[in-house]
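Have a look at the structure below, then the notes.
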Amino acid sequence: MPMRPLADKFHVAFSFAGEQRDLVRTIALAVEAVLGEGTVFFDEWYEPYLAGADADLKLQKIYGEGCALAVVCVSERYGGKAWTQAEHEAIRARLMKARASPDPREREAVLPIRVGEGEVAGILFTAIAPDVRTRPVPQAAELILERLYLVRPDLKPPAAGGVSAGPTWPKEPVPFSHGLADRTKREWPSVLLLLTASAARRILIFRGPSGYSKSALLQAAERYARLLRVPKSYVDFKDSALLNEANVLAKLAADLGHQLPAFAAVNTRFGLSRALRATRQPLLILLDTYERAAETKELREWIETQLLAEAEECDQLRLLVAGQKVPDTSQARWQGCAETVELDRILDLRAWKDWVHAINPNVDEKHIESIVVGTEGVPATISTILGTFAKSHTNPA
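Under my numbering, the letters of the sequence shown match residues 2 to 398, in that order.
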């Protein structure tokens, strides 16, 4: 992996035994998500820098004076490793120096956390090391961040700070030009209500034949989420590569890994569930062309029994699903969280008139009527023909 920027002084540096690497990595990623890339030292992120005979000296410098907060990840394994013993020598020297410092913040600059069983010889503070093994990753990260803010108050955001900072679902729908010909009576209002803090439903499903605006609705919802600055992942099963669980998980990790670092580190269905339940940030997952996923038994079962069910547990999660064939809510345990909307033809000339005249006000109603009637109200066909006609039509002199 590419090396992260090498800071003159890191905000946080983690010292740990290799056996606890996976746990510590998830916490480090969550801390980095708040503080920014290049502010957190985790050894594997700086392998090119550490390579060589003087790695021990570089590590001692980082833990001794090259970070604002040194996080010591305590376990029996930590005390039995030559590398961690070398790191800890620098940390102990820092503690001894801090005791003589007139600045009380210096004494807060080393934070022990428990990541494994056992004691560490020569480490007197293990008994009061907070145990992060049973804490959700965001809570462990918040503990570290709050300790950092004691050492460096200037780093604390003006607002509440911590892992929960960021965008929120709006209390009311925000004005937005969706660009759709219709879908303004029920379909688009349903999207707007879904993407609010007080949404009665957290899953919205659109079902309809090909050409009935399903993808157009999801794409408009994606643009709206971008306006809200809400993190999102758009999974379109039209892409055959996404017709297996592993690749869908990889897509979600690529899109939402910054918000769900614990999931990105393990990339499993259970890791996703744990991360979603722990997050305090709004997230939107869009599943398009669902009829293709419905034909793949294992993928369908995972989505319908686990992924969609997370909407019951995660009050910040919203899901939009669209397809010719969609999940059956009647027997699903998450049915109380879901709404299914059947898409129909659009034969209302007023809807098409407003849409076409936004492109070209010179198109007369007779042309609009003939195209709408001739195409039997199929939205995709009408929008293609009317859109092309409107762009090429000129008002006769």
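Note that beta-carbon positions come from the ideal geometry of N, C-alpha and C, so glycine has one too. Every value quoted in this text rests on a predicted model; they were computed, and no experiment measured them.
Between which two residues does the alpha helix (DSSP H) containing residue i stretch?
i: Thr27; result: Arg22 to Leu36
i: Ser191; result: Glu188 to Leu195
i: Tyr64; result: Ala56 to Glu66
i: Lys367; result: Glu366 to Gly375
i: Ala266; result: Pro262 to Val267
i: Ala381; result: Pro380 to Ser393
Does DSSP classify residue i as helix, strand or coil?
i: Pro137; result: coil
i: His12; result: strand
i: Ala200; result: coil
i: Arg281; result: coil
i: Arg208; result: strand
i: Leu244; result: coil
i: Phe177; result: coil
i: Val111; result: strand
i: Ser102; result: coil
i: Val152; result: helix
i: Ala71; result: strand
i: Leu287; result: strand
i: Phe17; result: coil
i: Phe43; result: coil
i: Arg5; result: coil
Report back the beta-carbon spacing between residue i and residue j to the nearest angstrom; my notes put them in contact at under 8 angstroms.
i: Leu273; j: Leu250; result: 7 angstroms
i: Phe271; j: Leu228; result: Rounded, the Cβ-Cβ distance is 33 angstroms, inconsistent with contact.
i: Leu51; j: His12; result: Rounded, the Cβ-Cβ distance is 19 angstroms, inconsistent with contact.
i: Phe207; j: Leu218; result: 6 angstroms
i: Ala312; j: Ile304; result: Not confirmed; about 12 angstroms, so no contact.
i: Phe17; j: Val133; result: Going by Cβ atoms, the distance from Phe17 to Val133 rounds to 11 angstroms, so no, they are not a contact pair.
i: Val41; j: Glu33; result: 4 angstroms
i: Glu91; j: Lys10; result: The residue you asked about is not Glu; residue 91 is Ala in the sequence shown. Contact flag wrong, Cβ pair sits at about 14 angstroms.
i: Thr197; j: Pro232; result: The Cβ separation is near 16 angstroms, so there is no contact.
i: Thr290; j: Phe238; result: 4 angstroms
i: Pro113; j: Ala130; result: 4 angstroms
i: Pro168; j: Ala279; result: About 17 angstroms separates the two Cβ atoms, so there is no contact after all.
i: Leu151; j: Glu109; result: 5 angstroms
How far does the beta strand (DSSP E) with residue i in it reach, from first residue to last?
i: Tyr213; result: Segment: none, Tyr213 is in no beta strand (DSSP E) and carries neither H nor E.
i: Val236; result: Lys233 to Asp237
Taking 8 angstroms as the CB-CB cut-off, is residue i touching chain C?
i: Ser241; result: The displayed structure is made up of one protein chain only, and chain C is not part of it.
- Query: Hey, which unbroken runs of the beta strand (DSSP E) at 3 residues or more fall wholly within the segment 291-352?
  - Reply: Entirely contained in the segment 291-352, the beta strand (DSSP E) runs reaching 3 residues are, in chain order, 318-324 and 339-343.
- Query: Can at least three beta-carbon pairs, one atom from the segment 322-340 and one from the segment 193-204, be found at a separation below 8 angstroms?
  - Reply: yes
- Message: Could you check whether the segment 100-112 touches the segment 18-34, counting it as contact only if at least three pairs of C-beta atoms, one from each stretch, sit closer than 8 angstroms?
- Response: no
- Message: Across the segment 333-345 and the segment 276-292, are there enough close Cβ pairs to call them in contact, namely three or more that are closer than 8 angstroms?
- Response: no
- Query: Pairing CB atoms from the segment 349-362 with CB atoms from the segment 387-394, are three or more of them under 8 angstroms?
  - Reply: A contact exists between the segment 349-362 and the segment 387-394.
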